[in-house]
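To start, the structure under review is shown below, and the notes come after it.
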Amino acid sequence: MNDTQDKNLNTIAEELVEEQKPEDVTSDDNPNAKWYIVHTASGHESRISQALKQRIESEHLEHKILDVLVPTQDKIEIRGGKKETVKEKIFPGYILVKMILDDNTWLSVRTTPGVTSFVGIGNKPTPIPEHEVKTIIKFMSQGAAPTFKDVFLPDDTVKIVDGPFSEFIGKVDSVDKERGKVKILVSIFGRETPVELDFLQVTKL
């Protein structure tokens with residue numbers, strides 16, 4: 000894990016919601032507990048998080064490893080021609096762990112199946128600021144209206160499957176994920192004409 004990737008994580012966290020003042024963040028009951036970023040196998044964050052929680056319980060480390068968080072946000076995905084709300088990882092390949100770092104807690108987390116490393120300098124895990132994690136938790140709890148996952152990209156070739164232009168082939172001109180709309184350029188009478196459609200009305204070729 001390099002410095003650039005660490006900075007990217009911090010940048011994403013800061014952009015999730017409006018900036019918070021440090022004095023607005025409540026202090027934790029245990030000042031020795033810090034949040035750490037843990038690198039995991041991508042796509043298995045929830046399973047690894049659950050395995051770690053079970054390990055914490057079996058090793059009676061609840062007083063030292065206080066929380067395990069998989070940051071997610073709601074996204075709309077099209078499956079089988081229907082819209083479904085799914086949980087999308089904000090930081091794919093990472094989980095957040097609040098813990099008192101010592102040899103036992105480090106070993107418990109690091110040797111959990113699926114965990115590959117701590118984010119830090121060299122072999123030393125580096126804690127992240129409490130207010131950044133509070134920002135992420137606030138974002139998750141606000142329940143903002145979900146947006147669509149990346150379904151289409153500009154210049155994608157698509158087929159219109161519903162509406163008056165059904166069976167037309169066109170290219171994606173622009174995508175509005177907030178509204179679930181896509182603008183398609185279709186050839187009508189020899190001229191490219193923009194047509195705005197719902198995501199469900201087109202399919203990628």
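The opening residue of the sequence shown carries number 0 in numbering that gives the first Met the number 0; numbering runs sequentially from there.
Glycine included, C-beta positions come from ideal geometry on N, C-alpha and C.
Worksheet item: Skipping 5 residues on each side, what residues in its chain have a beta carbon closer than 8 Å to that of Glu87?
Response: Counted from its first residue, the sequence shown places residue 87 at position 88. These residues qualify, in order along the chain: Thr71, Gln72, Asp73, Lys74 and Lys148.
Discussion item. Counting C-beta neighbours from all protein chains within 10 Å, is the total for Ile120 16 or more, i.e. buried, or is it exposed?
Written reply: Against the sequence shown, residue 120 aligns to sequence position 121. The residue is exposed, with fewer than 16 neighbouring Cβ atoms inside 10 Å.
Discussion item. Going by DSSP in three states, Ser186 sits in which element: helix, strand or coil?
Written reply: For the purposes of this step, residue 186 is taken as the residue at position 187 of the sequence shown. Of the three classes helix, strand and coil, the one that applies to Ser186 here is strand, per DSSP.
Discussion item. Quick check for students: name the residue ranges of the beta strand (DSSP E) that lie wholly in the stretch 85–139, counting only runs of 3 or more.
Written reply: Taken in chain order, the complete beta strand (DSSP E) segments of 3 or more residues contained in the stretch 85–139 are 93–98 and 114–117.
Item to complete: Over the uninterrupted beta strand (DSSP E) stretch that includes Ser173, give me the two end residues.
Response: For this step, residue 173 is matched to residue 174 along the sequence shown. Unbroken beta strand (DSSP E) run through Ser173: Ile168 to Asp175.
Worksheet item: From the DSSP output, which residues share a beta bridge with Asp161?
Response: Here residue 161 refers to the residue found at position 162 when the sequence shown is read from its first residue. Paired residues: none, contrary to the question.
Practice prompt. List the whole-angstrom C-beta distance separating Leu196 from Ile168, where the pair is believed to meet the contact cut-off of C-beta under 8 Å.
Written response: The residue labelled residue 196 in the question sits at position 197 within the sequence shown. The residue labelled residue 168 in the question sits at position 169 within the sequence shown. That pair is no contact at about 13 Å.
Fill in: Val171 vs Val181 beta-carbon contact at 8 Å
Looking up residue 171 in the sequence shown gives position 172. Looking up residue 181 in the sequence shown gives position 182. Their beta carbons are under 8 Å apart, which means Val171 touches Val181 by this criterion.
Worksheet item: Which stretch, first to last residue, makes up the alpha helix (DSSP H) that contains Glu44?
Response: One-based indexing of the sequence shown puts residue 44 at position 45. Element bounds for Glu44: Glu44 to Ser57.
Fill in: Three-pair Cβ contact test at 8 Å for the stretch 126–144 versus the stretch 101–112
no
Worksheet item: Does DSSP put Gln72 in a helix, a strand or coil?
Response: Position 73 of the sequence shown, counted from the start, is the residue given in the question as residue 72. In this structure, Gln72 counts as strand in the three-state DSSP scheme.
Discussion item. Let me confirm a value: Val114 is counted as buried when at least 16 other C-beta atoms fall within 10 Å, else exposed. Which label applies?
Written reply: By 1-based counting over the sequence shown, the position of residue 114 is 115. Answer is buried; the Cβ neighbour count reaches 16.
Discussion item. Closest to Gly179 by C-alpha separation, out of Phe188, Leu152 and Phe90, would be which residue?
Written reply: Here residue 179 corresponds to residue number 180 of the sequence shown, with the count starting at 1. Answer by Cα proximity: Leu152.
Discussion item. Can you give me the C-alpha to C-alpha distance between Thr192 and Thr110, rounded to a whole angstrom?
Written reply: Position 193 of the sequence shown, counting from 1, holds the residue named residue 192. Position 111 of the sequence shown, counting from 1, holds the residue named residue 110. Taking the straight line joining both Cα atoms gives about 57 Å.
Worksheet entry | Simplified DSSP state of Ser26, which is helix, strand or coil | Counted from its first residue, the sequence shown places residue 26 at position 27. Residue confidence is low: Ser26 scores 41 on pLDDT, short of 50, so the model does not pin down where it sits. Its coordinate-derived value is still stated next. Here Ser26 sits in coil by DSSP.
Worksheet entry | Local Cβ density within 10 Å of Pro124, reported as buried at 16 or more and exposed below that | Taking the first residue of the sequence shown as position 1, residue 124 is located at position 125. So Pro124 counts as buried.
Worksheet item: If you draw a straight line from the alpha carbon of Ile64 to that of Ile36, how long is it in whole angstroms?
Response: The residue labelled residue 64 in the question sits at position 65 within the sequence shown. The residue labelled residue 36 in the question sits at position 37 within the sequence shown. Computed Cα separation, rounded: 13 Å.
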